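Here is the structure we will look at, set down as structure tokens.
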Amino acid sequence: MERHRIFTTSFASVYPLYVHKAENKGRSKDEVDTIICWLTGYNRQTLQQQIDENSDFETFFAQAPQINPNVSKITGVICGYRVETIEDKLMQKIRYLDKLIDELAKGKAMEKILRN
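Now the structure itself:
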């Protein structure tokens, strides 16, 4: 089976789009970073290293210190797919991130986005 193109896409190339989407809706880069760190276990420094190294999504998630154990609480539709039923684990992680950024842009409270 052919690998999806997003797997080899540079995280650094998509990251500014996440920030732009959030800032357009009155949210901040800091909130985007908080969400990414919550999901992946990176801290701000190691997140910046991944961006600086131009890691692709596959590497970005493979090197993530720890995917948050509360990811199972992320449900809903993103890009026409229910995130909780996506079979490919890498694609599911990418869609979890997309879903969280969408929730941020839609004005959802950080406590709810981070499933606290």
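Position in the sequence shown counted from 1, then plus 635, gives you our numbering. For glycine and all other residues, C-beta sits at the position ideal for the given N, C-alpha and C. No experiment lies behind these values; they were computed from the predicted model shown.
Status (buried if at least 16 other CB within 10 Å, exposed otherwise) for residue i
i, result
"alanine 697", "exposed"
"alanine 657", "buried"
"alanine 744", "exposed"
"leucine 735", "buried"
"threonine 710", "exposed"
"lysine 747", "exposed"
"arginine 662", "buried"
Residue i and residue j closer than 8 Å at C-beta
i, j, result
"leucine 725", "tryptophan 673", "no"
"alanine 699", "tyrosine 677", "yes"
"glutamate 693", "threonine 643", "yes"
"glycine 742", "lysine 664", "no"
Residues sharing a beta bridge with residue i, DSSP
i, result
"serine 645", "Asp691"
"tyrosine 716", "Ile713"
Distance between beta carbons of residue j and residue i, contact taken as under 8 Å
i, j, result
"aspartate 691", "cysteine 714", "Actually they are not in contact, since the Cβ atoms of aspartate 691 and cysteine 714 sit about 19 Å apart, beyond 8 Å."
"phenylalanine 646", "glutamine 685", "6 Å"
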